[in-house]
Amino acid sequence: MKLEANLITGRTAYQGSYLEYKTSPRYFEECAYCELNPEDLSQLGVSEGECLKVSNEHGEVIVRAKMNSGNPRGLAFIPMGPWANAIVDPDTRGCGMPGFKGVPSQIEKSDKEPLDLKSLMRTYCQ
Amino acid sequence: MKVITDVVCPFCGSLCDDLTVKVEDNVITDIQRACILGHNKIAGVCLHERIESPMIRKDGELVEVTYEEAIEKAADILANSKRTLSYGWASTSCEAVSKAIQLAEETGSLIDSTANVCHGPTVLAVHEKGSPAASLGQVKNRADLVVFWGCNPVHAHPRHMSRYSTYARGFFTKKGRKARNIAVVDVRETDTSKLADKYVQVDPGCDYMLLNAIRSVINENEDVIPAQVAGIPKEEIIELATMLKEARFSCIFYGMGTTQSRSKYKNGDAVSSLLYDLNQYSKSVMIPMRGHYNVTGFGQVANWETGYPNAIDFNRRLAYYNPGETGASDVLLRGEVDSAIIAAADPGAHFAQEAVRCLAKVPMIQIDPYHNATTELADVVIPAAVVGVETEGTAYRMDSIPLRMKKLIDTTFKSDEEIVTDLIEKVREIKGGA
Ligand code: SF4
Numbered sequence: 017m018k019l020e021a022n023l024i025t026g027r028t029a030y031q032g033s034y035l036e037y038k039t040s041p042r043y044f045e046e047c048a049y050c051e052l053n054p055e056d057l058s059q060l061g062v063s064e065g066e067c068l069k070v071s072n073e074h075g076e077v078i079v080r081a082k083m084n085s086g087n088p089r090g091l092a093f094i095p096m097g098p099w100a101n102a103i104v105d106p107d108t109r110g111c112g113m114p115g116f117k118g119v120p121s122q123i124e125k126s127d128k129e130p131l132d133l134k135s136l137m138r139t140y141c142q
Numbered sequence: 037m038k039v040i041t042d043v044v045c046p047f048c049g050s051l052c053d054d055l056t057v058k059v060e061d062n063v064i065t066d067i068q069r070a071c072i073l074g075h076n077k078i079a080g081v082c083l084h085e086r087i088e089s090p091m092i093r094k095d096g097e098l099v100e101v102t103y104e105e106a107i108e109k110a111a112d113i114l115a116n117s118k119r120t121l122s123y124g125w126a127s128t129s130c131e132a133v134s135k136a137i138q139l140a141e142e143t144g145s146l147i148d149s150t151a152n153v154c155h156g157p158t159v160l161a162v163h164e165k166g167s168p169a170a171s172l173g174q175v176k177n178r179a180d181l182v183v184f185w186g187c188n189p190v191h192a193h194p195r196h197m198s199r200y201s202t203y204a205r206g207f208f209t210k211k212g213r214k215a216r217n218i219a220v221v222d223v224r225e226t227d228t229s230k231l232a233d234k235y236v237q238v239d240p241g242c243d244y245m246l247l248n249a250i251r252s253v254i255n256e257n258e259d260v261i262p263a264q265v266a267g268i269p270k271e272e273i274i275e276l277a278t279m280l281k282e283a284r285f286s287c288i289f290y291g292m293g294t295t296q297s298r299s300k301y302k303n304g305d306a307v308s309s310l311l312y313d314l315n316q317y318s319k320s321v322m323i324p325m326r327g328h329y330n331v332t333g334f335g336q337v338a339n340w341e342t343g344y345p346n347a348i349d350f351n352r353r354l355a356y357y358n359p360g361e362t363g364a365s366d367v368l369l370r371g372e373v374d375s376a377i378i379a380a381a382d383p384g385a386h387f388a389q390e391a392v393r394c395l396a397k398v399p400m401i402q403i404d405p406y407h408n409a410t411t412e413l414a415d416v417v418i419p420a421a422v423v424g425v426e427t428e429g430t431a432y433r434m435d436s437i438p439l440r441m442k443k444l445i446d447t448t449f450k451s452d453e454e455i456v457t458d459l460i461e462k463v464r465e466i467k468g469g470a
């Protein structure tokens, strides 16, 4: 089962409060998740804390599932940071700004675990 | 024990200047009035792991070296590159920015700030239509309607609402929250929208349409609006437009929801056009919710030194600016960059994957107090003092008001300004000898 979703990324106070302490496990916990509407989560058969694979033409990333009833159905939110940016749209369409919001993506259940910061960054050096 | 009052918080563009910090034996022991973001940043200076020593990558590992070795290596990279990207400079002082621009000019580099992934499109919108702005003091004292469009201050600027907007009590707004209406436009319910009198949930990427529908109502052309625009029923659009038209003084604070979604700079442009229409009837202003505490300052310094606010290319030995071509992400994606110097920002964490991959390929110098995602890709790492805590300096608030940040504790780390000054000197030495 795959969910077609519109991905947006952005600040949370908790992600922000670890900005100057990115090596902390708390930064990882505050960034490596994806918020979905409860009905979307149950459609995927995923409970909070389980893992999701979010993929699109720009890449894929494994993050934990989180519930947010404030999200309309089909809207996925990942806090700004290395996990979200693994799958945002790099194209700036001539105005300098990559597509951090509104990226069509597919979401499915995964039994893999999210990579930690170091391991994720290492994938860029290969 | 030292008690330091009126401390300026070096985290977000709200630049709160009313903190009280207690210092005992050069350690910060108490911080009053800061929000979770500011508190963690200031307290973290003494608590979190720092980059203790300059480092150079050898055989894939960062190894500690002396400061002189690191400066020498960094200057060598800069002097021998054809197209250096100098990026960041938003969480530092205007004095450091000024030096960074000098270094970029002398090395023919391209220099860009974090506005590239933040309010860069806002700058473009200002070029197109202008920005009827005001100080946050004006908003506090006068605004009877505050609109948060595509921003979530409860999370990103936690004290903004109590100091300047939603709850602030001012000369004509003595009743604070009761003196004003709050409207929020966003694509999902947020902790900010929960506090609003009017919440409008716009379809993702459709802000531009909604802004223009509101303009139609303001200009008494509501008959042209269909039953629904951007997922919002016509009645609601009329309600929001009427709130704006009837307000004595309104301010639209706009955030990443406008700059990063589909229409990008055209959204800011549309806000500006909306204000033009509104100001025929009432008084209305717009202020961008700037993120890094001194990203506004970068724009100010760059403007007065080069004539351009960001994305400035010195490759032709004179300042050239064309965001979309000279933006940090654009030059990286085109594969033009052959070295990078990154300071007071973390593109490793905040650039899109393709741009990070390009950064990882080139020799990179990082200047930062803390180990972050960029450190994983850096080849020379130079630790810096935390501006606003360990060194003083000037920063500009989101409404372009300059404030002087204080030094709270002593440090052995050099400031960004000192590091860049040393780099300029070394680069001159290498180039002079060549
Ligand atoms: S709102 Fe911003 S400037 Fe004010 S204390 Fe919080 S982080 Fe610091």
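Residue numbers (our numbering), protein chains in the order written: chain S, 17 to 142; chain Z, 37 to 470.
Using N, Cα and C, we set each Cβ at its ideal position, and we do this for glycine too.
Query, Result
"Start-to-end residues for the alpha helix (DSSP H) that takes in Glu57/S", "In the sequence as displayed, the identity of residue 57/S is Leu instead of Glu. Per DSSP, Leu57/S belongs to the alpha helix (DSSP H) from 54-60."
"Beta-carbon proximity check, Glu272/Z vs Val236/Z, cutoff 8 Å", "yes"
"CA-to-CA distance, Met113/S to Gly360/Z, given in whole angstroms", "8 Å"
"Nearest-angstrom Cα separation, counted from Phe93/S out to Asp56/S", "13 Å"
"Check whether Gly49/Z and Ala379/Z have beta carbons under 8 Å apart", "no"
"Residues of the stretch 344-371 of chain Z with Cβ closer than 7 Å to any Cβ of chain S, in chain order", "Ala347, Pro359, Gly360, Gly363, Ser365, Asp366, Leu369"
"Leu131/S - DSSP class collapsed to helix/strand/coil", "coil"
"Leu55/Z (DSSP reduced to helix, strand or coil)", "strand"
"First and last residue of the uninterrupted beta strand (DSSP E) at Gln174/Z", "No beta strand (DSSP E) holds Gln174/Z; the alpha helix (DSSP H) holding it covers 172-178."
"Cys141/S burial status per 10 Å Cβ neighbour count (16 or more: buried)", "exposed"
"Secondary structure of Val39/Z, DSSP reduced to three states", "strand"
"Environment of Asp446/Z [buried if 16+ CB atoms lie within 10 Å]", "exposed"
"Short CB-CB distance (under 8 Å) between Arg224/Z and chain S", "yes"
"Segments of 3+ residues assigned as beta strand (DSSP E) that fall wholly inside the stretch 264-298 of chain Z", "285-290"
"Pairwise C-alpha distance: Gly173/Z and Met197/Z", "12 Å"
"Touch test, the stretch 27-34 of chain S against the stretch 59-77 of chain Z, Cβ-Cβ under 8 Å, three pairs minimum", "yes"
"Check whether Pro383/Z and His155/Z have beta carbons under 8 Å apart", "no"
"8 Å Cβ cutoff, Asn330/Z in contact with chain S", "no"
"Interface partners of Gly156/Z on chain S, CB under 8 Å", "Cys111, Gly112, Met113"
"Minimum Cβ-Cβ distance from Ala81/S to chain Z less than 8 Å", "no"
"Close Cβ partners of Thr39/S (< 8 Å) along its chain, the five nearest in sequence each way excluded", "Leu133"
"Rounded distance between the beta-carbons of Thr56/Z and Val43/Z, thought under 8 Å", "7 Å"
"Ile64/Z vs Cys52/Z beta-carbon contact at 8 Å", "no"
"Proximity test, Cβ basis, 8 Å: Gln389/Z and chain S", "yes"
"For Asn248/Z, the three-state DSSP class (helix, strand or coil)", "helix"
"Per-residue burial, Trp99/S [other beta carbons within 10 Å of its own, 16 or more giving buried]", "buried"
"Below-8 Å beta-carbon distance, Glu256/Z vs any chain S residue", "no"
"Reference Ala391/Z, options Ile107/Z, Pro46/Z, Glu88/Z, Val153/Z, closest by Cα", "Val153/Z"
"C-alpha gap between Lys214/Z and Asn188/Z, whole angstroms", "21 Å"
"Cα-Cα separation, Asp66/Z to Ala266/Z", "48 Å"
"Three-pair Cβ contact test at 8 Å for the stretch 445-463 of chain Z versus the stretch 408-425 of chain Z", "yes"
"Positions along the stretch 295-323 of chain Z whose CB lies within less than 8 Å of some CB in chain S", "Thr295, Gln296, Ser297, Arg298, Lys300, Tyr301"
"Proximity test, Cys50/S beta-carbon vs the ligand SF4 heavy atom, cut-off 7 Å", "no"
"Within 8 Å, strictly: CB atoms of Ala111/Z and Val104/S", "no"
"Beta-carbon neighbours of Ala409/Z, restricted to chain S and to distances below 7 Å", "Lys38, Pro98, Leu133, Met137"
"Residues near Phe303/Z in its chain [Cβ-Cβ closer than 6 Å; skip 5 each side]", "Note on residue identity: the sequence assigns Asn, not Phe, to residue 303/Z. Correct list, in chain order: Asp243, Tyr244, Thr294."
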